[in-house]
Each structure stands twice: as structure tokens, then as C-alpha cells.
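Visitor:
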Amino acid sequence: MKELIQAFYNTKPLWTHEQFGLQQFEFPSIDMAIIENVAIPEKLRLGHQMEYVFKHLITLAKNYQVIASNILIDEGKVRLGELDFILKDISSNSYLHVELAYKFYIINPDISEPIHRLMGPNKRDMFYTKLDKVKEKQFPLLQHPSLKQKWVSLDIDPLKVKQQCCFKAQLFSPFKEEKLAIRPLNTACHAGYWVRFEQFNSIAFKKYQFYIPTKREWPLQVHNQVLWNNHYNTLLDINLKHLKQYAPMVWVQTTEGELFKLFVVWW
1 MKELIQAFYN TKPLWTHEQF GLQQFEFPSI DMAIIENVAI PEKLRLGHQM
51 EYVFKHLITL AKNYQVIASN ILIDEGKVRL GELDFILKDI SSNSYLHVEL
101 AYKFYIINPD ISEPIHRLMG PNKRDMFYTK LDKVKEKQFP LLQHPSLKQK
151 WVSLDIDPLK VKQQCCFKAQ LFSPFKEEKL AIRPLNTACH AGYWVRFEQF
201 NSIAFKKYQF YIPTKREWPL QVHNQVLWNN HYNTLLDINL KHLKQYAPMV
251 WVQTTEGELF KLFVVWW
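Residue numbers (UniProt numbering): 1 to 267.
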């Protein structure tokens, strides 16, 4: 899906350089004109689809080579986790362990600490817990004893492998709030807004048209080549999703032709 690859590439990193003790992977420049359609299994959850996209783009980069991906770490019968990617930096002849994340976070202004303001639209996916997971769980797995033979076979010294994150995100502020108090995070990640059901069910929205994208369409830029629906029918669809405590993304087209993304939360 070429559009998904383009959307991934265009999504900004959630921070630049090093923050929170994590170095951001600097994505290489790639000529998107040479991108071809790639078959990505639709049944995979979006995070795994993005792993396909990342791997495909890196194979097109001139300065990196994918050495291994999705390396599973088991201890007995217990699955401890996996390493997303081992890359070779061709220019420096060095190796990188890159953990990939592609997230959709709403910004909750009621919370004072910037990194605690970011949460998934269903309030179950917190940015700060993801940070802790990468630092405390995923990065240390590089040195797990069960991988010793793996590194020998690849002729890699794990002690010399640099560890970085490719952490891309789309951020959603309260409706029409443009000023984002999220430093040191990247304000260029702003992608849309969020509202509660009561606000969506107001006269301000009733004259607009709406489209509820599939999860696979979430990363895409909003476009008008979709079947738009009216406010009443969209409200019914959202209500059914809210009964399952699921906050849908909605594409909005105003009467002036403005297009934007909106999460309608249930809480």
C-alpha cells in the first residue's frame, strides 16, 4: 500500500536527537518517487504493518542494511520479547539496534507534566509507560544470554551495538487548540484534534460531513476521495463504538472544504 508507506515516511519523529535517555533514529532521505506498491498483510495490527513499511524503506536507503528483524528472545517456555531491527550503518561499518514505534496520542491539558499528557485515545496506551518499556525491558534484551550464538553467527559484538528508537507519532490536541505545551517533544507531530461525545453532538458539527477511517487508514493524510456521511449517521456509528469503550478517528470535511482528523473519545 503505497499511501501507507508515504504516510509513515512523512510522519515526524516525536523528538529529535536524544531525549529521555533515548537517541532518536535519524531516518535516511529516500526518493519517494521510486516507491512501488508493496503487499502488506491487512490482517496484521497496524504496528506490525509499520514494521513491514520500515523494513521496506530501509532496504531502499543507500547507507543502511537490514541485518536481522523481529529477533525473538525466549527463556525456557517464556517469551521475554523481541528486538525489532538490527541495522548496519554502511558508512561507519557499525551496527544499530532500532526499536520502532508508531503512535497516535491525544494531548490531555489537565495533566501538568508534558510526557504524561500524551495518551492513546482510549486512555490505555501511555507515552511514559512506552518510554519505560523501551529503556527498562526492550533495550536490555540485546544482551540476553540466549542471543549469544545469534551474535556469533552474525559476527556482531552486542557490546558495540548502538541502541536507538524510531519513534514516530501523530498528536491530537483539544479541538481547535493550536498551542501545544509539550516541549521537549516535537510540535510538528500535531495532526489533528480530539473532542468528547457531548462536544461532537453540538450544533457546530451538525453541518459537516464525516468519514470513519479503518485503523489502516489512520496514518494517511485526510483526502476527499471517500464516501462522506452526515452528522446523524456518524453519531450513531460513534455511539456504537463508544459502547465498547473505543474512540474512533473521524475525518471531517467542513462546509468551507477544510479537511482534518478528529478523535471522538468516550470517557
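The beta carbon of each residue, even a glycine, is placed where N, CA and C say it ideally should be. For clarity, every value in this text was computed on a predicted model and none was experimentally measured.
Given 8 Å as the limit, is there contact between the stretch 7 to 27 and the stretch 165 to 181, that is, 3 or more CB pairs closer than that?
Guide: Output reads yes: the stretch 165 to 181 touches the stretch 7 to 27.
Visitor: Less than 6 Å between C-beta atoms, sequence neighbours within five positions excluded: which residues of the same chain meet that for Q19?
Guide: Stepping through the sequence shown from its first residue, residue 19 is reached at position 19. The answer, listed in chain order, is P184.
Visitor: Do I182 and L118 come within 9 Å of each other at the CB atom, strictly closer than that value?
Guide: Locating residue 118 in the sequence shown gives position 118, counting from the first residue. Locating residue 182 in the sequence shown gives position 182, counting from the first residue. Cβ atoms of L118 and I182: closer than 9 Å.
Visitor: Do L131 and Q143 have their C-beta atoms within less than 9 Å of each other?
Guide: For the purposes of this step, residue 131 is taken as residue 131 along the sequence shown, with counting starting at 1. For the purposes of this step, residue 143 is taken as residue 143 along the sequence shown, with counting starting at 1. No, they are not a contact pair.
Visitor: So which of P248, Q6, N229 and E256 has the shortest CA-CA distance to L57?
Guide: As a first step, residue 57 must be located in the sequence shown, where it is residue number 57. Of the candidates P248, Q6, N229 and E256, the one whose C-alpha sits nearest the C-alpha of L57 is Q6.
Visitor: Tell me which residue opens and which closes the beta strand (DSSP E) that R196 is part of.
Guide: Counting from 1 along the sequence shown, the entry for residue 196 is found at position 196. H190 to R196 is the extent of the beta strand (DSSP E) around R196.
Visitor: In whole angstroms, give me the CA-to-CA distance for L96 and D89.
Guide: Counted from its first residue, the sequence shown places residue 96 at position 96. Counted from its first residue, the sequence shown places residue 89 at position 89. Rounded to whole angstroms, L96 to D89 spans 7 Å at the Cα level.
Visitor: Taking the runs of the beta strand (DSSP E) that are 3 residues or longer, which of them lie wholly in the stretch 220 to 246?
Guide: Complete beta strand (DSSP E) runs here, min 3: none at all.
Visitor: Take A61 and list the residues in its own chain whose beta-carbon comes closer than 7 Å to its own, dropping the five residues that flank it on each side.
Guide: Within the sequence shown, numbered from 1, the residue matching residue 61 stands at position 61. P28 and I30.
Visitor: Considering only C-alpha positions, which residue in the set R196, L147, N233 and L236 is nearest to A68?
Guide: Here the question's residue 68 lines up with position 68 in the sequence shown. Minimum Cα distance to A68 is reached at L147.
Visitor: In whole angstroms, what is the alpha-carbon distance linking I71 and Q49?
Guide: For the purposes of this step, residue 71 is identified with residue 71 of the sequence shown, where counting begins at 1. For the purposes of this step, residue 49 is identified with residue 49 of the sequence shown, where counting begins at 1. Straight-line Cα distance between these residues: approximately 17 Å.
Visitor: For V152, name the three-state secondary structure that DSSP assigns.
Guide: As a working mapping, residue 152 is identified with position 152 in the sequence shown. V152: helix per DSSP, three-state reduction.
Visitor: Can you list, in chain order, the stretches of the beta strand (DSSP E) that have 3 or more residues and sit fully within the stretch 58 to 136?
Guide: Listed in chain order, they are 64 to 75, 78 to 89 and 94 to 107.
Visitor: Is L185 helix, strand or coil when you go by DSSP?
Guide: For the purposes of this step, residue 185 is identified with residue 185 of the sequence shown, where counting begins at 1. Residue state, collapsed to three classes: coil.
Visitor: Pick out whichever of E51, L4, I86 and V134 has its Cα sitting closest to the Cα of W151.
Guide: Sequence index remark: in the sequence shown, residue 151 carries index 151 (1-based). Comparing Cα positions, the closest option is I86.
Visitor: Could you give the DSSP three-state label for K160: helix, strand or coil?
Guide: Position 160 of the sequence shown holds residue 160. K160: helix per DSSP, three-state reduction.
Visitor: With C-beta atoms as the reference, is K135 less than 9 Å away from L14?
Guide: To locate residue 135, count along the sequence shown from 1; it is residue 135. To locate residue 14, count along the sequence shown from 1; it is residue 14. Contact: no.
Visitor: For the alpha helix (DSSP H) holding F210, just list the boundary residues, first then last.
Guide: Within the sequence shown, residue 210 is the residue found at index 210, counting from 1. From DSSP, F210 is part of no alpha helix (DSSP H) but of the beta strand (DSSP E) over Q209 to Y211.
Visitor: Grab the span of the beta strand (DSSP E) containing V262 for me, first residue to last.
Guide: By one-based count along the sequence shown, residue 262 stands at place 262. Looking at the sequence provided, one finds Leu at residue 262 rather than Val. Run containing L262: L259 to V265, per the beta strand (DSSP E) assignment.
Visitor: Consult DSSP for M32 and reduce its assignment to one of helix, strand or coil.
Guide: For the purposes of this step, residue 32 is taken as residue 32 along the sequence shown, with counting starting at 1. Helix at M32.
Visitor: Work out the CA separation of Y246 and E178 for me, nearest whole Å.
Guide: To locate residue 178, count along the sequence shown from 1; it is residue 178. To locate residue 246, count along the sequence shown from 1; it is residue 246. C-alpha separation (whole angstroms): 25 Å.
Visitor: So which of P114, G47, R45 and F139 has the shortest CA-CA distance to L80?
Guide: As a position in the sequence shown, residue 80 is number 80, starting the count at 1. Among P114, G47, R45 and F139, the Cα nearest to that of L80 is on F139.
Visitor: Can you name the residues that DSSP bridges to E18?
Guide: Your numbering for residue 18 matches position 18 in the sequence shown. Partner(s): Q23.
Visitor: Indicate whether F205 and H231 have their beta-carbon atoms separated by less than 9 Å.
Guide: The sequence position of residue 205 within the sequence shown is 205, counting from 1. The sequence position of residue 231 within the sequence shown is 231, counting from 1. In contact: F205 and H231 (Cβ atoms closer than 9 Å).
Visitor: What first and last residue would you give for the alpha helix (DSSP H) that runs through residue 268?
Guide: Residue 268 lies beyond the residue range present for the chain, which begins at 1 and ends at 267; the question has no answer from this structure.
Visitor: Taking 9 Å as the cut-off, decide whether the C-beta atoms of V53 and L83 are in contact.
Guide: Here residue 53 is taken as the residue at index 53 of the sequence shown, counted from 1. Here residue 83 is taken as the residue at index 83 of the sequence shown, counted from 1. Contact flag unset, no.
Visitor: In this structure, does DSSP put L180 in helix, strand or coil?
Guide: To locate residue 180, count along the sequence shown from 1; it is residue 180. Coil.
Visitor: Taking only the alpha-carbon atoms, compute the straight-line gap between L171 and W218 and give it to the nearest angstrom.
Guide: To locate residue 171, count along the sequence shown from 1; it is residue 171. To locate residue 218, count along the sequence shown from 1; it is residue 218. Cα-Cα distance, rounded: 12 Å.
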